[in-house]
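Going left to right, the sequence shown walks through residues 19 to 189 as this note's numbering numbers them.
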Amino acid sequence: MGISRLTRRTLLQTAASTALAVPFMRGAHAAGKLSVAVWDHWVPGANDVLEKLCHEWAAKEKVDVTIDFVTSQGDKLMLMGAAEGQARSGHDVIGQPGWYGAAKADLWEPADDLMATLIGKYGKPSASVEYLGKQNVHWIAVPSIPNTLTLPSVGRIDLFKQYVGLDLTQM
């Protein structure tokens, strides 16, 4: 077997072909890692469905995803979100109820880029979602279904006027 000589031309051709192939290479973990903390749902099987959806997405996007299901008992999910926000360390994404955003606006990364994409694709969200998710003209929370209720006020205006003496329609 003969020994091939490395020439300048061979070296440049190899380097060029390698450089041209780089954009088309996609390793098993090309997109990196993502850690997510979400509400540990009380409905049997709900966590399994969310976990399956997350892992399907992760496989498609070549992301190594870690999902932690955190109980809401004792406000553990809320406390963990506050602690990680203050420490500027922890999970990449934390699923929190929409009404937690206002208190954490200075701790969370703005989500304007994500919301612009979602609004462009699905349209503008309801006023209550925007009210909860935006602080100081920036989106600080992306609306989601789990553990997020708008909890609108429900009451009888006539009874409020009769027993409290305040006509809410005149405010």
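Using N, Cα and C, we set each Cβ at its ideal position, and we do this for glycine too.
None of the values given here were measured: they were computed from a predicted structure.
Going by DSSP, which residues form a beta bridge with residue i?
i                : result
phenylalanine 87 : Val56
lysine 51        : Asp82
valine 111       : Val54
Mind checking which residues open and close the alpha helix (DSSP H) that includes residue i?
i            : result
glutamate 98 : Just to set this straight, residue 98 is methionine in the shown sequence, not glutamate. Note, methionine 98: alpha helix (DSSP H), 94–105.
aspartate 66 : 64–79
Does residue i get closer than 8 Å to chain C when you measure Cβ to Cβ?
i              : result
tryptophan 126 : No chain C appears in this structure, which consists of one protein chain only.
Between the C-alpha atoms of residue i and residue j, what's the straight-line distance to the nearest angstrom?
i              : j             : result
asparagine 154 : serine 107    : 24 Å
proline 128    : aspartate 185 : 40 Å
lysine 179     : serine 146    : 26 Å
isoleucine 112 : serine 144    : 22 Å
threonine 135  : histidine 156 : 14 Å
threonine 89   : aspartate 131 : 29 Å
alanine 76     : glutamate 148 : 28 Å
methionine 189 : valine 182    : 14 Å
glutamine 104  : serine 162    : 23 Å
glutamate 69   : arginine 174  : 42 Å
glutamate 102  : glutamate 79  : 26 Å
alanine 49     : valine 160    : 21 Å
valine 61      : cysteine 72   : 18 Å
Would you mind giving the Cβ-Cβ distance between residue i and residue j, rounded to the nearest angstrom? I have them listed as a contact below 8 Å.
i              : j             : result
aspartate 86   : alanine 55    : 5 Å
lysine 122     : aspartate 82  : Incorrect: roughly 27 Å between the Cβ atoms, too far for contact.
tryptophan 117 : leucine 150   : 6 Å
leucine 95     : tryptophan 57 : 6 Å
Which runs of the beta strand (DSSP E) spanning at least 3 residues fall entirely within the region 127–182, listed in chain order? none
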